[in-house]
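Here's the structure, in structure tokens; my notes come after.
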Amino acid sequence: MSAATQDPAPARIALVLLGAALAAAIFLLPLAAVLAEALRRGWEPAWTAISDPDSIAAIRLTLLVAAIAVPINAAGGIAAAWAIAKCDFAGKRVLITLIELPFSVSPVISGLVYVLLFGAQGYFGPALRAYGFEIIFALPGLVLATVFVTFPFVARTLIPLMQEQGREEEEAAATLGAGGWQIFLRVTLPNVKWALLAGVLLCNARAMGEFGAVSVVSGHIRGQTNTMPLHVEILYNEYMFVGAFAVAALLALLGVVTLAAKTLLETLTARRIGEHA
Amino acid sequence: MSFPTFSRREAFAVAGAMAAAPVRGQTVPTLLNVSYDPTREFYREFNAAFAAQWAARGNQRPTINTSHGGSGRQARAVIDGLGADVVTLALAYDIDEIAGRGLLARDWQTRLPENSTPYTSTIVFLVRRGNPKGLRDWGDLLKPGVAVITPNPKTSGGARWNYLALWAWALRQPGGSAATAEEATGQLFRQVPVLDTGARGSTTTFVQRRQGDVLLAWENEAHLALREFPQAGLEIVYPPFSILAEPPVAVVDQNVERRGTRSIAEAYLNHLYSDEGQRIAAKHFYRPRHADLLRAAGDRFPTIELVTIDGAFGGWGSAQRTHFSDGGVFDRIYRPGR
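Keeping their order, the protein sequence lines are chains A and B.
Per UniProt numbering, residue 1 is the first one in the first sequence, and the count goes up by one each step.
Per UniProt numbering, residue 1 is the first one in the second sequence, and the count goes up by one each step.
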């Protein structure tokens with residue numbers, strides 16, 4: 001038994017109540033408000049707003065951007081975590097800091113750097129445009145900005161676990177004659193698969209919801225470069241409040257489903273570890 | 001609240017979906033209009049009208065996309081590569097900036113009639129019903145305890161018109177000079193609790209969040225707010241004196257050459273000057289250039305004394321340099337948190 005559970009009952013109850021009240025006020029209330037606004041005139045207008053072609057285009061674009069950005073970040077995150085946890089090299093701390101950079105930089109800056117690099121007046125923009133490549137205000141720009149903002153999620157979930165697991169199993173595999181890929185696929189990956197999935201889900205939730213960085217590189221063209229969060233803003237600004245909140249509710253729902261999947265996963269993992277112990 | 005007619009837009013968007021990836025072989029012609037904030041409703045209707053008219057002339061029905069935001073920000077996006085075929089911005093200076101980067105000819109404003117401005121507007125006051133603070137003229141805004149809502153002149157075209165209207169008013173007061181105008185303008189911005197980046201954001205702040213006593217608004221934006229929120233308890237006050245706001249339009253040469261859309265882009269802008277275009281503009285509370293249409297609109301557009309940017313400030317180039325560039329008058333008078 002830990003010390004916390006031995007605290008006097010009133011203190012424990014007060015703490016739990018405080019936590020629950022805070023969670024309700026900060027998370028549940030706004031979520032409920034979004035839903036209530038979306039359904040203020042019933043299901044019909046909310047559905048009409050979501051099935052509007054521009055909304056559908058926004059939903060498709062959001063899913064497409066996440067579908068490209070999340071695998072990129074999963075691969076990058078695994079590679080970075082592997083390097084940091086299993087290898088020794090100079091500049092490891094620098095790499096860790098770099099991975100965390102997107103957490104500390106404002107998303108608006110993340111968007112602006114790509115405009116600076118690939119915009120029509122940017123370093124590479126004119127050359128790329130001459131060959132017909134559009135980066136900014138097109139799908140590649142949206143993907144780049146999303147990858148930048150959501151890069152740390154997978155790596156940050158994997159690094160502590162992989163460090164904790166150490167390299168004994170990999171070394172044992174190596175002495176038994178396994179090659180690099182074999183070790184990775186048969187030993188490392190199975191050891192971290194649940195954490196990897198959790199990281200991917202978190203990354204996905206953030207990728208779908210990103211606003212700031214994407215707003216800078218989007219150009220806000222309805223039906224073309226407008227993602228769901230940006231579409232919510234446009235609808236809101238056009239006094240289409242039911243529509244704005246309906247799309248917002250759908251976006252929140254996507255996030256909640258993702259998080260629920262992650263929690264379920266964690267519960268299952270915890271049980272599995274419990275069985276092993 | 002009204003939703004747009006979907007039947008028509010659905011047809012557009014299905015076409016748009018088929019052309020989701022940039023199609024070079026181009027079956028459905030597309031046009032991108034990069035505009036400023038309060039034109040959303042106007043261009044939604046105008047786009048449908050133009051598409052029908054263009055199709056009726058034996059062309060394939062085009063997909064017309066629009067992008068809206070603060071005028072300065074939109075100009076910046078076009079400079080950075082947003083592929084606008086036409087720009088319809090809040091003021092000439094923002095298009096000058098785009099022309100300065102070589103995207104269109106520097107003499108763009110002479111290419112279409114009326115200074116390339118198919119419709120005009122002005123700046124009015126939107127107040128709470130009954131006008132409880134008694135705001136009738138610009139001087140009333142400077143009274144202590146009056147909270148004024150306006151967007152940021154750095155990013156919003158409408159806000160620059162707001163600022164210049166007040167400046168021009170202050171100059172005309174007895175003993176008025178650049179010094180008194182600067183003082184009046186500084187006073188006004190000290191009474192601004194929320195400075196949004198675009199006109200629409202300010203309208204939402206004033207109408208929805210109920211901040212402030214008066215919104216300095218485009219005439220069309222004020223009327224739209226009345227129509228969208230009949231229950232919000234708002235009314236429009238026309239000050240006896242204001243500024244003639246000229247939001248101009250232009251074809252972006254470099255982009256239409258690259259995409260091969262010059263003919264449709266020019267037809268689109270010319271249609272703004274047609275009877276139909278002018279009538280739609282008037283319906284959305286933009287002052288039409290056709291004198292007979294303006295007269296026919298009657299008291300929809302009250303006659304007030306309007307000063308022009310060329311007359312009072314020597315054009316946008318000079319006004320922008322003096323007031324809104326880095327280190328200009330606005331930077332001097334506006335210090336948040338003072």
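All C-beta atoms in this analysis are idealised placements derived from N, C-alpha and C, irrespective of residue type, glycine included.
From a predicted model like this one, the values you see are computed outputs, not experimental measurements.
| Asked | Found |
| --- | --- |
| Interface residues of the stretch 72-84 of chain B facing chain A [CB-CB below 8 Å] | Ala77, Ile79, Asp80, Gly81, Leu82, Gly83 |
| Limits of the alpha helix (DSSP H) - the one that B:Ile280 falls within | 275-283 |
| Interfacial residues, the stretch 29-52 of chain B to chain A, with Cβ spacing under 7 Å | Leu32, Arg40 |
| Partners in chain B for A:His220, counting only beta-carbon separations shorter than 8 Å | Ser67, His68, Gly69 |
| The stretch 124-141 of chain A / the stretch 73-90 of chain A touching (three or more Cβ pairs under 8 Å) | no |
| C-alpha distance - B:Arg24 paired with A:Leu28, whole-angstrom precision | Low confidence applies to B:Arg24: its pLDDT is 43, below 50, so where it sits in the model is not reliable enough to give any reading. |
| Three CB pairs or more closer than 8 Å across the stretch 82-93 of chain B and the stretch 255-262 of chain B | yes |
| Integer-rounded CB distance, given that A:Val214 should sit under 8 Å from A:Ala145 | 5 Å |
| C-beta atoms of A:Ala38 and A:Ala246 nearer than 7 Å | yes |
| Bounding residues of the alpha helix (DSSP H) (the contiguous stretch that carries B:Tyr119) | Here B:Tyr119 belongs to no alpha helix (DSSP H); instead the beta strand (DSSP E) covers 119-128. |
| CB contact check: A:Val105 to chain B, cutoff 7 Å | no |
| Residues that B:Glu228 contacts on chain A, provided the C-beta gap is smaller than 9 Å | Tyr239 |
| Secondary structure of B:Ser156, DSSP reduced to three states | coil |
| Proximity below 7 Å, CB of B:Ala147 to CB of B:Gly201 | no |
| According to DSSP, residues forming a beta bridge with A:Ile234 | Note: A:Ile234 sits in no beta bridge, so no partner. |
| C-beta neighbour in chain A for B:Arg200, strict 7 Å | yes |
| Cβ-Cβ distance between A:Val149 and A:Pro107 below 7 Å | yes |
| Entirely enclosed alpha helix (DSSP H) segments - the stretch 196-267 of chain A, minimum 4 residues | 212-218, 228-237 |
| In DSSP terms, what B:Ala217 is bridged to | B:Val124 |
| Span of the alpha helix (DSSP H) around B:Asn255 | 253-259 |
| Residue from A:Ala261, A:Phe103, A:Gly141, A:Arg206 whose Cα sits closest to the Cα of A:Ala120 | A:Gly141 |
| Where B:Arg287 meets chain A, residues with beta-carbon distance less than 7 Å | Those do not exist, as B:Arg287 stays about 22 Å from chain A at its closest Cβ, beyond 7 Å. |
| Contact set between A:Val115 and chain B, taken where Cβ atoms lie within less than 7 Å | Asp80 |
| Terminal residues of the beta strand (DSSP E) in which A:Ser51 lies | No beta strand (DSSP E) contains A:Ser51, which DSSP labels as neither H nor E. |
| Partners in chain B for A:Ile68, counting only beta-carbon separations shorter than 8 Å | In chain order: nothing, as chain B lies at least about 14 Å away. |
| Exposure of B:Glu41, with buried meaning 16 or more beta-carbon neighbours within 10 Å | buried |
| Amino acids of chain A, ordered along the chain, whose beta-carbon sits closer than 8 Å to that of B:Thr155 | Near B:Thr155 there are no residues of chain A at all, since even the closest Cβ is about 14 Å away, more than 8 Å. |
| Residue range of the alpha helix (DSSP H) that includes A:Phe118 | 107-118 |
| Close-in-space but distant-in-sequence residues of the same chain around B:Ser35 (CB under 8 Å, 5 per side omitted) | Tyr43, Thr66, Ser67, His68, Gln74, Val87, Thr88, Leu89 |
| Neighbour flag for A:Ile59 against chain B, beta carbons, 7 Å | no |
| Cutoff 7 Å: A:Ala120 Cβ touching any chain B Cβ | yes |
| Unbroken alpha helix (DSSP H) run spanning B:Asn59, endpoints | From DSSP, B:Asn59 is part of no alpha helix (DSSP H); its letter is neither H nor E. |
| Span of the beta strand (DSSP E) around B:Val87 | 86-88 |
| Close Cβ partners of residue 339 of chain B (< 6 Å) along its chain, the five nearest in sequence each way excluded | Lying outside 1 to 338, the shown extent of chain B, residue 339 of chain B is not represented and no answer is given. |
| Nearest neighbour of A:Tyr114, chosen from A:Ser104, A:Ile99, A:Gly132, A:Ile136 [CA to CA] | A:Ile136 |
| Own chain, CB closer than 7 Å to B:Gln187, minus 5 neighbours either side, in chain order | Leu142 |
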